Each structure stands twice: as structure tokens, then as C-alpha cells.
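Take a look at the structure set out below.
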Amino acid sequence: MKKVISFVLNSDPVDILIEEHKALVDVLRDDLNLTGIKKGCEAGECGACTVILDSRPINSCLTLAIEVHGHEVTTIEGIAKNGKLSPLQQQFIDKWAFQCGYCTPGMIMSATALLDRNPHPTEIEIREAIEGNLCRCTGYQKIVEAVMAAAAEMDWEATDEQK
Amino acid sequence: MNRNDDRTYFRKPEDYRIVSGKKSNYVHVDAYEKVTGHGKYAGDFQEPGMLTCKFKFSSHPRAKILSIDTSKAEALPGVFVVLTGKDFAKGIEVSHVGARKKPDKEILVKQYVRHIGDQVCAVCAIDEETALKAVDLIDIEYEVLPGLFDAMEALDGNSVDVQCYGKEPHNVGPCCHQQGSIVGADIDDEFARAAYVQVNDFTTHHICHCPMETHAAFVTYNSADELWTVRGSCTSSFGVQNTLANTFGKSVTNFHVIRPYIGGAFGGKGGCPNIVIIACECARRTGRPVRFVLTREEEFITQQGRHPFNIHSETAFDSDGRIIAKKAVQILDGGAYGEASVASVNLSALWASFPYKIDTIDILSKRMFTNKSYNGAMRGFTCCQVAFSQDLMMEEAAEHFNMDSLEFRKISALETGYKAPSGTVITSCAMKQTIDDAAAYMNWPECKKELRPSEGIGFSSTAFVSGTANPLLPTPNQCQTNATVRVDFHGVVSLYSNCHDNGQGADTVSTAIVAEELGLDMSDVKLIQSSTFNAGYDSGSYGSRVTFLGGNAVRRGAVEVKKKLLECIGAKWGVEPHLLELIDHKVICRDMGKEDLEISWKDAVYHYMTCHGGDELIGVGSYYHRTNTAQYQGKPSNYAPSYVFSTSACKLTVDEETGVVDIHDFFFAHDCGQALNPRAVEGQLEGSVYSGIGYTLYENLIEVEGRQMNNNFHDYRIPTALDIPPIHTKYDYPPEPEGPFGAKECGEGTTAPIAPAVANAIRMATGIRINTLPLDPEHVWRMLREQKGSKV
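Protein sequences, first through last, are from chains A and B. Heads up, the first sequence is in numbering that gives the first Met the number 0, so the first residue is 0 and it goes up one at a time. Heads up, the second sequence is in numbering that gives the first Met the number 0, so the first residue is 0 and it goes up one at a time.
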């Protein structure tokens with residue numbers, strides 16, 4: 000069965016005809032060509048396919064595409080605004096928080112959702128937030144550093160704006 | 000080119016700007032693509048009309064195929080191709096000069112399946128769903144045969160013939176027997192005169208690489224030119240190209256292998272996987288683009304993971320605690336096939352004496368076949384297992400001598416200048432310093448007094464190769480890597496190199512080396528995302544060779560550019576060219592009295608091209624470390640151009656009630672010579688500790704009667720961000736004279752000293768004797784009950 004769904008994708012409205020049984024990750028990658036999000040296990044274990052649904056990080060491999068009808072979906076492709084990287088993306092670069100980069104999009108999505116709901120996370124809160132994102136290269140230490148640094152930087156930027 | 004090249008124009012350490020240790024801190028050249036999701040991995044490619052492939056796997060670990068009926072699958076609408084073993088005359092030829100000549104693995108199995116992951120048929124269809132339906136419609140009739148699942152049983156000549164080849168003796172794969180003495184001693188005499196002989200038996204378990212990106216391939220075919228364009232998650236483009244040419248009976252010119260981003264490899268993407276071969280055949284038959292991506296479960300059952308080992312070792316010490324001789328028999332559980340098995344036995348024999356000066360050795364490594372998923376290269380290629388045995392042996396021997404275990408290790412530690420019976424020549428070695436640094440970090444031995452109950456500290460020291468001597472294919476001069484550096488009249492530098500970046504940062508370090516040598520910024524050097532047709536040969540990312548060998552090649556390419564340019568400018572100024580240098584986008588002059596002379600990089604290049612009829616400024620570089628193939632027969636041979644040394648230290652608590660090990664702190668000292676980028680080195684070391692902790696405490700691929708019981712990330716537990724302790728690293732050690740700007744290996748052998756450090760710490764915490772891996776709660780709990788009984 001096919002069905003048209005409407006949702007907001009990276010700030011743009013989208014109407015698309017999809018097979019009802021298709022997972023969100025497959026619709027995003029195959030039909031909308033957003034290959035930034037990755038598939039690592041298709042069982043909700045690795046987090047490579049993490050996207051933000053409204054404000055919540057979800058595994059797009061465990062989510063049917065029809066479930067996002069009427070909602071807002073943000074993928075890694077929607078994080079940079081007007082060509083400018085987010086502070087977190089920049090910190091991932093500066094802190095060498097990736098190596099192969101395959102888990103990076105999902106990792107950045109989980110960490111972005113964390114910083115959106117908790118701008119001052121502790122180290123353990125960061126580790127808990129990215130626990131569902133497996134990284135096989137880095138040992139996580141530099142990822143945690145990058146999230147900490149981004150939080151500090153965003154805090155500084157916010158204070159600066161208040162002045 | 001090699002270590003004997005003229006170094007007149009090599010940059011002097013005082014002029015280093017980019018690779019100068021702590022001060023240097025550049026970022027990945029592919030950073031933007033990776034943090035924005037724009038970087039394309041093999042499975043990300045798609046084109047209109049693209050078809051998808053799926054395998055039909057064996058249902059049994061060992062069986063004879065009686066019949067295959069593909070008619071129903073072929074009749075399913077949307078199915079384009081159904082392939083069986085009959086469609087391929089040859090097996091997969093391994094691109095390795097030391098490998099067995101005859102392939103032992105078929106592309107699709109014709110008669111006998113030998114493990115559960117054996118592929119019997121492949122389907123190519125309009126989409127994944129249709130391909131999966133077609134796979135289910137294939138009927139295969141088997142005669143189920145008894146299987147063999149234990150490497151030690153395989154040693155018995157009367158055991159089941161795993162591969163069904165009927166050869167005698169069956170089940171014995173490649174062997175390596177390293178014997179010799181650099182002091183002309185007889186090994187039995189050495190054991191007879193020994194003050195003490197430490198005898199041990201060890202076993203290790205089975206794990207998998209688990210790169211986050213599963214194997215993937217994307218292939219297009221141009222029938223007019225008979226040209227296949229191949230993008231695969233593979234770490235040796237030329238190896239893939241060579242295997243494809245042999246398989247299809249074509250020339251290498253028919254295969255354009257392009258390197259996409261690789262989502263981690265850890266040794267598991269070195270060969271030409273048959274998904275690439277199948278995709279090529281389906282693209283040829285249909286004329287359409289074909290994509291083949293493995294699922295996680297398929298990745299597990301087809302992966303060539305880390306060999307389980309059985310090790311028996313006997314080590315002879317003199318009365319001072321110095322090792323004088325070692326005998327060992329190391330049995331590798333190879334699984335169903337061979338592939339890279341030559342290197343696994345050869346290297347495991349080499350590691351058996353590392354990281355110590357052992358003048359007299361008799362080391363036998365044997366790789367056995369079993370009806371299980373087969374094993375190959377995995378980060379620290381067999382060193383993780385052998386180092387586990389070596390280091391626990393040293394810890395026990397130190398106890399016998401009643402000596403401090405670190406001081407005890409230092410007595411026999413390798414040193415610069417040592418030439419081992421295995422043929423290895425140590426050209427730089429900071430092993431003792433790494434031990435001292437680990438001791439200082441832990442405040443050893445004073446810290447022992449402050450330990451609480453069930454708390455322990457463990458150390459481990461290992462050594463590893465920095466590069467290899469094997470170019471995979473027969474190449475001129477055994478050249479392993481070729482690089483080209485080209486400069487246009489704007490002064491823009493293009494770097495052409497086929498060193499594979501699996502995520503370790505090969506592209507970044509190559510760019511940094513060229514920029515450093517030419518006095519430019521990294522943004523002035525553009526690395527070409529390479530392929531087999533647009534850049535020179537490189538044998539691939541394996542053997543910890545890329546920075547050392549690839550780095551030396553790109554450096555030599557840059558040095559040739561520099562030499563040509565300085566000779567031209569020197570003639571213009573009437574100055575000896577070796578008195579000129581490239582600094583900060585300028586040619587400067589260091590000739591006495593002419594220090595005011597300078598010309599910008601861009602103007603200098605323009606002048607060069609003007610003087611050369613408009614020809615561009617181009618430099619080529621290559622590198623080889625040449626040995627004979629004696630290493631594959633266990634004869635003395637200096638396997639690598641240099642060697643690296645590591646010591647790790649960890650502090651942990653064992654919950655004796657549950658067997659849970661909690662690591663509080665991990666320290667890692669690594670002699671990688673000159674670090675070319677501190678952040679990259681730290682990342683490699685932290686990743687190594689992570690990988691080693693996974694191997695030691697979490698990961699264990701369980702196979703029952705050849706069937707994997709936990710081939711998913713729910714049941715095969717890889718460490719998460721909550722499982723990894725704080726990691727501290729140290730890597731400032733003297734430069735290696737032959738390394739590019741003094742650099743050596745980092746990130747592969749560094750996985751080896753983790754398991755023994757953890758085991759030694761558990762031993763201190765609990766008093767139990769450990770001789771097996773993994774050290775997950777269940778195994779530790781059992782060891783505690785067995786060894787301490789009701790006292791726990």
C-alpha cells in the first residue's frame with residue numbers, strides 16, 4: 000500500500016508517496032537521497048541512523064516513515080544553517096571527534112538533541128545521551144570533549160547575545 | 000626509492016612548522032564532508048535503474064550440495080540475475096605474493112559448503128525486497144555432513160576433513176617454524192642451563208571487526224569500453240583490481256577502482272570481497288548500476304575476524320631473570336578458509352619473541368581449518384593473542400624471581416641495535432622509557448600500598464611492526480607505494496596518492512607531509528580522491544604501513560618538486576641550491592651574505608615553468624622496504640622497516656560477587672617516534688584502548704556447532720560511551736631516523752597491550768591466575784569460584 004505523507008524535513012515541507020511498510024531511514028536515504036544518515040544494524044542498536052523527530056533523537060531504522068506524518072524531522076544535512084556549521088559540528092572537527100566518520104552523523108544528532116534539552120550537560124549526561132550511538136574508532140573520549148566544548152561555546156554565545 | 004636516498008633536500012627538524020609535535024594541531028582534510036553527512040561511502044551511491052543483490056547462504060556448517068533449483072527465483076518478476084557457483088570458473092585469488100597460489104575459497108560454492116557463512120547463490124533484483132523473496136525461493140538440497148569445530152581436534156589426523164579436498168594431512172593450513180640463535184646456541188642446551196623455566200598454556204577467544212559500515216559495493220559497467228567502475232568498502236584498490244582482472248580473465252585496464260570513504264576497516268576490508276565480484280558480474284549482465292550492501296548479521300557471518308589461539312610456551316631464564324630462550328607452539332583456529340593466513344602464522348611467530356631480546360628461539364605456528372567462520376587480519380594482526388600469552392608469562396616469572404614486574408621486563412626489553420633470530424633489526428626503541436612513564440603515571444610501586452580490597456593495577460608491554468616488506472603484487476623493485484606531486488602555475492599543489500584512508504587519517508597526514516616539505520599551508524595542497532587510474536600504486540591500508548611507507552613516498556615526491564625548484568632558483572640567483580629552503584610560501588636563501596634574497600612560492604613556480612617551456616613542476620616519489628620472501632618460510636628476515644613499543648597501565652576493581660570488572664583509569668605510553676599530529680595520535684591510542692577493552696571485557700563471538708549465537712549488536716556487546724574509562728596517553732619519544740619526519744606506527748599494535756594489562760590487574764586485585772580470554776563477568780566469576788571456592 001502506498002500513501003502520501005507530509006512532514007517538515009530540515010525546515011522544508013515535504014509531501015512524498017511512500018510504501019507504508021518502509022522504514023524512515025530507507026525513505027530518507029533512497030527516496031530523498033539524504034545519505035548522511037547511515038545504516039549500521041537496522042535493529043536500533045548502533046544509532047548510526049539517528050535523526051531528530053520534533054525534539055527527540057530516534058532510530059530511523061525502527062521508525063516507519065508514515066509515523067512522521069505531520070511532524071518535523073531533522074537530519075545531519077539540516078544541522079548547518081546558511082552554510083555555517085553548528086558549534087557542535089565545528090567542535091567535532093577541532094577536537095578530532097571522528098575518524099572514519101560513519102557514526103558521526105548519528106552521534107551529532109544525539110548530541111544536538113541533548114544540548115537542545117540540556118545546554119549544560121555533565122560528562123556522565125553526555126555519555127548517557129550518546130550511549131546508543133556506537134563508535135568503533137575513537138574510544139568516545141574526543142566525542143565527549145567535543146560536546147563539552149560545544150556546550151561551553153554555545154553558553155558563551157548566549158551570554159554574549161544577552162549583553 | 001628507499002632508506003638510502005640522498006637527503007640533501009629533506010627538511011631539517013628545526014624548520015618543521017606543521018609536524019612539530021605538541022604545537023601542531025591541524026584538522027582532518029575531510030572534516031567538512033564527515034560532519035555534514037556529505038561524504039559518500041560505497042553504500043551511499045545510487046543511480047537511476049540501480050539493482051540490488053542478496054546472497055543465499057549455506058544452511059549448514061558442512062554439507063554436500065546435491066542440487067540447486069533456482070527456477071522459481073528466476074521466474075519472480077523483478078529478478079534480473081540468479082548466480083550459482085557454475086557461473087564462476089575460478090575461486091577468489093588472493094592478491095598477495097606470499098599467499099598460496101591456488102585459491103581456497105570459491106566465489107559461490109559449487110559442491111561442499113564449509114561454514115554457515117558460505118555463499119551458495121546470489122540474486123540481483125529491482126529492489127532489496129524482491130531480492131530477498133527470490134533468495135527464499137531458491138531450493139538447495141544438502142547431504143549434511145559432520146563438522147569439525149575445534150582447532151585442537153583438527154590436529155588429530157583422523158578428524159573430519161573440513162574442506163573436503165581429500166588432501167593429507169587435512170585441516171593443516173599454513174605453518175611457520177622460526178628457529179635460530181644469534182649466539183650460536185643449541186636451544187636444548189639453553190634450556191638445560193636455565194635457572195628457571197616458565198611453562199604456560201593460554202587460550203584466546205573469537206571476535207569480529209564490527210566496522211560501523213558493513214561491506215558495500217557499487218558498480219557500473221560500460222559495455223562499449225568493457226569498463227567496470229567499482230566503488231567498494233575495500234582498503235586496497237589495486238588488490239581489488241587485480242583480483243577482478245584475474246576472476247573475469249580481463250586486463251586491469253578494464254577495472255577502474257575508485258576509493259570512496261571507508262567506514263572503518265580494522266583489517267577486515269583488505270581483500271576483494273565477493274560482493275564486489277558478484278556486483279561486477281550482475282552489472283555486466285544487465286548493463287545497470289548494481290549495489291550490494293551486507294546487513295549486520297551478514298557482516299558477522301562473512302567476516303574474517305580475530306583468530307582464537309591455543310598457545311603453549313616454555314621460556315628459559317638465567318639466574319638474573321634474563322630470558323635466554325623460548326619455545327612455543329601456537330595453534331590458530333583459522334575457520335573454513337585461508338585467505339591472508341600466510342601472514343597470520345608468520346606474524347604470530349614473530350610476536351612470540353616480542354618485545355624482548357630472546358637470543359635463541361623455536362617457535363611453531365600452525366593454522367588449522369575448522370567448519371566455522373574464517374579468520375584473517377584484525378587490528379594488531381595476531382599480536383593481541385600472542386602478547387596476552389607473553390605478558391602474563393612475564394608477570395608470573397617475575398613473581399618466581401620475586402622481582403618488581405616492571406624492572407623484570409626491563410632486564411630483557413628490546414633495545415636499539417638489537418638483531419633478533421627472527422631477522423628483525425631494531426632501529427629505534429623507547430621501550431624502557433614507556434615502562435618508566437607508565438610506572439611514573441601510576442606512582443608505581445608506592446601506589447600498591449594505597450590499593451583497596453579487590454583493587455589492582457596491571458601493566459603490559461608489547462612491540463609491533465611499523466610497515467611491512469610486502470607489496471602484495473609483484474612490483475618493480477618491490478615498490479610498495481608511488482606518489483605524484485604536481486604544481487600548476489598558480490602554485491596550487493595536487494597530491495596523487497592511493498594510500499587508503501579508512502578513517503585513520505591517511506589523507507590528512509599525506510597532505511600535511513607535502514605541505515610541510517614545501518613550506519606551504521595544508522590548504523595549498525589538494526589531495527586527489529584517488530583511483531587505480533588517476534594515481535600510482537599503493538598496496539593498501541594494512542600492516543601499519545600507510546604513514547611510514549606512504550608518508551615516505553609522498554615526502555619524496557614533494558622533495559623532488561623542491562629539488563627541481565631550488566635548482567632553478569639557485570641558478571637564477573647564482574647560489575648553491577642546497578643553501579635555499581622553502582619556508583612560509585617563500586624560497587629563502589641561507590648563503591652567507593645573500594640572506595636578503597627571497598621569492599614567493601608562486602613566483603618561483605612561475606619562473607620554473609617559464610624556464611622549462613611551460614612544463615608543470617612535477618615530482619614523483621616511491622618507497623620500499625625490501626626483503627626476500629624468506630619470511631613466509633619462517634627464515635630470518637627483517638619484516639618491517641621499523642618497530643614500535645608500547646606500555647599500558649590500568650587500575651581497576653573487581654566485584655568478586657558478580658565478576659564485573661570496573662576500570663577506573665587507563666594509561667598508554669606509545670613510542671611512535673615523532674607524532675605528526677598529537678590529536679590524531681591520541682585518537683588512535685584512545686581508539687586502541689577502547690578496542691582492547693572490547694576484546695578483553697565485552698566482546699565474544701559465540702559459535703555452537705558452527706552456528707553464531709550472537710551475531711547482532713544486542714547480543715555481541717561492543718563497548719558504549721558509558722563503558723570506557725578515562726584514558727591518558729603519552730607519545731613523546733625520540734624520532735625514528737627512517738620515518739617520515741621521524742614518525743612510526745600508531746593505532747594497530749597498540750591494541751595488543753590492553754588485555755594483558757587488564758588481566759594482570761585482575762590478578763593483583765583477586766589473586767586468581769588467568770590464562771584465558773575473555774574476562775567478561777561470567778568468565779571472571781567462574782575463575783573466582785574455581786580458584787578461590789567458598790572464600791569468595
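All residues carry an ideal CB built from backbone N, CA and C; glycine is no exception. This structure is a prediction, so every number in the text was calculated from the model and none was measured.
For residue 45 (chain B), the neighbours in chain A by C-beta distance under 9 Å run, in chain order, 28, 29, 32 and 34. When A:124, A:62 and A:153 are compared, the shortest CA-CA separation from residue 86 (chain A) is found for A:153.
Contact of residue 294 (chain B) with chain A by beta-carbon distance below 7 Å involves 41.
Around the beta carbon of residue 59 (chain B), 16 or more other beta carbons lie within 10 angstroms, which makes this residue buried. Per DSSP, reduced to three states, the secondary structure at residue 349 (chain B) is helical. Collapsing the DSSP output to three states places residue 399 (chain B) in a helix. Boundaries of the beta strand (DSSP E) around residue 177 (chain B): 171-180.
Going by C-alpha positions, residue 584 (chain B) is about 8 Å away from residue 601 (chain B). In the three-state scheme derived from DSSP, where H, G and I count as helix and E and B as strand, residue 670 (chain B) is classed as strand.
Listed in chain order, the non-local C-beta contacts of residue 293 (chain B) below 6 Å within the same chain comprise 213 and 214, local neighbours out to five positions each way being set aside. Nearest CB-CB separation between residue 79 (chain A) and chain B: below the 7 Å threshold. Judged by pairs of C-beta atoms under 8 Å, the segment 345-363 of chain B touches the segment 184-192 of chain B, as three or more such pairs exist.
Between the C-alpha atoms of residue 627 (chain B) and residue 636 (chain B) there is a straight-line separation of about 7 Å. At a C-beta separation below 8 Å, residue 713 (chain B) has these neighbours in chain A: 42 and 44. Per the coordinates, the alpha-carbon of residue 118 (chain B) lies some 54 Å from the alpha-carbon of residue 402 (chain B). Under DSSP, residue 140 (chain A) forms no beta bridge with any residue.
Interface annotation for the segment 188-212 of chain B against chain A: 208, 209, 210, 211 and 212, criterion Cβ-Cβ distance under 9 Å. Within chain A, 99 have C-beta atoms less than 7 Å from the C-beta of residue 501 (chain B), given in sequence order. Residue 721 (chain B) belongs to the set of residues whose beta carbon lies under 7 Å from a beta carbon in chain A. Judged by DSSP secondary structure, residue 2 (chain A) falls within the beta strand (DSSP E) whose first and last residues are 1-8. DSSP lists no bridge partner for residue 441 (chain B).
Check the Cα spacing between residue 241 (chain B) and each of B:272, B:264 and B:550: the tightest is with B:272. The secondary-structure analysis by DSSP pairs residue 374 (chain B) across a beta bridge with B:304. A straight-line Cα-Cα distance of about 42 Å links residue 683 (chain B) and residue 569 (chain B).
Classified as buried, residue 698 (chain B) has 16 or more neighbouring CB atoms from the shown chains inside 10 Å of its CB. Rounded to the nearest angstrom, the gap between the Cα atoms of residue 117 (chain A) and residue 56 (chain A) is 13 Å.
Neighbours of residue 603 (chain B) in chain A, taken as residues at a C-beta separation under 8 Å, are lacking, since the least C-beta distance is about 32 Å. Excluding residues up to 5 positions away in sequence, 107, 120, 121, 277 and 280 lie with their Cβ nearer than 7 Å to the Cβ of residue 82 (chain B) in the same chain. Apart from sequence neighbours up to five positions away, the residues of its chain that approach residue 24 (chain B) with a beta-carbon distance below 8 Å are 676, 677 and 678, ordered along the chain.
Residue pairing by DSSP places residue 87 (chain B) opposite no residue, since no beta bridge is assigned to it.
Rounded to whole angstroms, the gap between the alpha carbons of residue 770 (chain B) and residue 759 (chain B) is 11 Å. In terms of Cβ geometry, residue 440 (chain B) and residue 666 (chain B) form a close pair [threshold 7 Å]. Taking a Cβ-Cβ threshold of 9 Å, the residues of chain A close to residue 27 (chain B) are 92, 95, 97, 98 and 100, in chain order. Contact between residue 479 (chain B) and residue 538 (chain B) holds, since their C-beta atoms are separated by about 5 Å, short of 8 Å. For residue 715 (chain B), there is no enclosing beta strand (DSSP E), as DSSP gives it neither H nor E.
Residue 495 (chain B) and residue 528 (chain B) have their C-alpha atoms spaced approximately 8 Å apart.
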